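Enquirer: There's a structure below that I have some questions on.
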Amino acid sequence: MIALDTNVLVRFLVEDDKAQSARAAKLVARAVSGDEPLFVPDVAMCETVWVLLAAYRVPRAEVGVILGRLLMAAHLRFQDVDRLSRALEAFIAGKGDFADYVIREQARSAGCEKVATFDRVLLKETGFAAP
């Protein structure tokens, strides 16, 4: 199995660099045709969201749709797809960054009750608390 770095995932999604996008698409096509899944680390998902929002100005709702499709893709594997799905649901419904919700879900999986944060937006949500 091969893991995807953020830049390969972004090139595949936005197709902004003809040569790199073609190479990323070819890698994905090989994974699909060869029934050989690709691994997407949680950090790559978080960075991809940030890049789509900040660099490409993709609307938050559209980023949510893109992430949902990635999580359902048969040829992609994740460390914990259920945890990322919960983070995605929170991202769609909330105002925090996707990475914040991934942190909360990872913390919950580790047995933590809350995530200490100074982020005022997150302090209004379940699972976050001021230090």
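For the sequence shown, this note's numbering begins at 25 and goes up steadily by one. Even glycine gets a Cβ: it sits at the ideal position worked out from N, Cα and C. What you are looking at is a predicted structure, and each value in this text was computed from that prediction instead of being measured.
I need the boundaries of the alpha helix (DSSP H) containing G88, first residue and last residue.
Expert: Taken as a continuous stretch (DSSP letters only), the alpha helix (DSSP H) holding G88 covers 84-96.
Enquirer: Quick check on A140: does DSSP put it in helix, strand or coil?
Expert: Correct three-state label for A140: strand.
Enquirer: Can you list, in chain order, the residues of its chain whose CB lies under 8 Å from that of M25, leaving out five sequence neighbours each side?
Expert: Hits under 8 Å: E60, P61, L62, F63, R101.
Enquirer: Tell me, please, whether the segment 67-81 touches the segment 118-126 by the rule of three or more beta-carbon pairs shorter than 8 Å.
Expert: Yes, the segment 67-81 is in contact with the segment 118-126.
Enquirer: In whole angstroms, what is the alpha-carbon distance linking L94 and V87?
Expert: Cα-Cα distance, rounded: 11 Å.
Enquirer: Whole angstroms is fine: what's the gap from R6's alpha carbon to P155's?
Expert: There is simply no residue 6 to check, as the chain begins at 25 and stops at 155 in what is shown.
Enquirer: Please name the residue, chosen from K50, A140, G92, L147, that lies closest to K119 on a Cα-to-Cα basis.
Expert: Per the Cα distances, L147.
Enquirer: Here's the rule I'm using: 16 or more other beta-carbon atoms within 10 Å means buried, otherwise exposed. How should A48 be labelled?
Expert: It counts as buried.
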